[in-house]
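Novice: In my numbering, the protein residues as written are 570 to 756. Positions of the beta carbon are idealized from the N, C-alpha and C atoms, including for glycine. It should be emphasised that the depicted structure is a prediction, and the values quoted were computed from it without experimental measurement.
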Amino acid sequence: MSRFFRRKKKPKTEEAPAEETESVVAAAPESEVPTTTEEPAATEVSEPTTEDKEETIPYHDSIQDRLVYMFNDAVMADGLEGTHEFTLEFMAMGERFWVGKAALGEIETKVDKAADEDAHIRISNESVSDLLAAANFSEFSKIYLKHYKTSEAGKFVKIEIRKPIIDLNRQGYARVPILKLLIGASR
570 MSRFFRRKKK PKTEEAPAEE TESVVAAAPE SEVPTTTEEP AATEVSEPTT EDKEETIPYH
630 DSIQDRLVYM FNDAVMADGL EGTHEFTLEF MAMGERFWVG KAALGEIETK VDKAADEDAH
690 IRISNESVSD LLAAANFSEF SKIYLKHYKT SEAGKFVKIE IRKPIIDLNR QGYARVPILK
750 LLIGASR
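1. Taking the alpha carbon of Ile793 as the point to measure from, which residue in Glu686, Asp685, Leu701 has its own alpha carbon closest?
2. For Asp685 and Ser710, I'd like the C-alpha separation in whole angstroms.
3. From the DSSP secondary-structure annotation, give me the bridge partner or partners of Phe655.
4. Out of Glu624, His653, Glu623, point me to the one whose CA is closest to Val745's CA.
5. Quickly, what does DSSP pair Arg691 with across the bridge? List them, please.
6. Nearest to Phe659 by CA position, among Glu650, Lys732, Thr678, is which residue?
7. Could you tell me if Lys682 is buried or exposed, where buried requires 16 or more neighbouring beta carbons within 10 angstroms of its beta carbon?
Pasting the structure below:
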């Protein structure tokens, strides 16, 4: 302790920071003992990070599996149970498939051409690999919209709406996040 008192005196402008550092050194032993006032502060800090963190989408080896998962997820397909029927036809990875739902029915998917689809969505192979690499819905949305708005060689998403957009909005395309993403970009 005697070492601390033998310091050289500095000009008055630098004395204030020295006093602050001494008070910090003196306060350090007090912070070593856990107190109850620090615990609520730690939980307050962690709560916003958990709210901001979005749920991770599990790995899928095909875009068809990824889309079916997204249509069955409670957050991404919020309000889907209230929609009328819909059918979306996709062309991706050299395969034509459709995802649809009958009125008050379950999500169905089949590998074939859809009879009366609401829209046809064509996704390039490189875009499919980027979409499958997306960790969450917001990242998936950013990639999907980026490839739709600014098509590059080998990276594109093309949407052809086959029915009037007003009818699609009445069916629930404007309410459901995944439908809004897949079709809403073309409005």
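Specialist: Looking at the atomic coordinates:
1. The requested residue 793 is not part of the displayed model; the chain covers only 570 to 756.
2. As a first step, residue 685 is located in the sequence shown; it is residue number 116 there, counting from the start. As a first step, residue 710 is located in the sequence shown; it is residue number 141 there, counting from the start. Rounded to the nearest whole angstrom, the CA to CA distance from Asp685 to Ser710 is 26 Å.
3. Counted from its first residue, the sequence shown places residue 655 at position 86. Answer by DSSP bridge pairing, in chain order: Lys670.
4. One-based indexing of the sequence shown puts residue 745 at position 176. Ranking Glu624, His653, Glu623 by Cα distance to Val745 puts His653 first.
5. The residue you call residue 691 lines up with position 122 of the sequence shown. According to DSSP, which records beta bridges pairwise, Arg691 is partnered with Met660, Lys727.
6. Residue 659 sits at position 90 when you count from the first residue of the sequence shown. The residue with the shortest Cα to Cα distance from Phe659 is Thr678.
7. Counting from one through the sequence shown, the residue named residue 682 turns up at place 113. Counting C-beta atoms within 10 angstroms of its own C-beta, Lys682 has fewer than 16 neighbours from the protein chains shown and is therefore classed as exposed.
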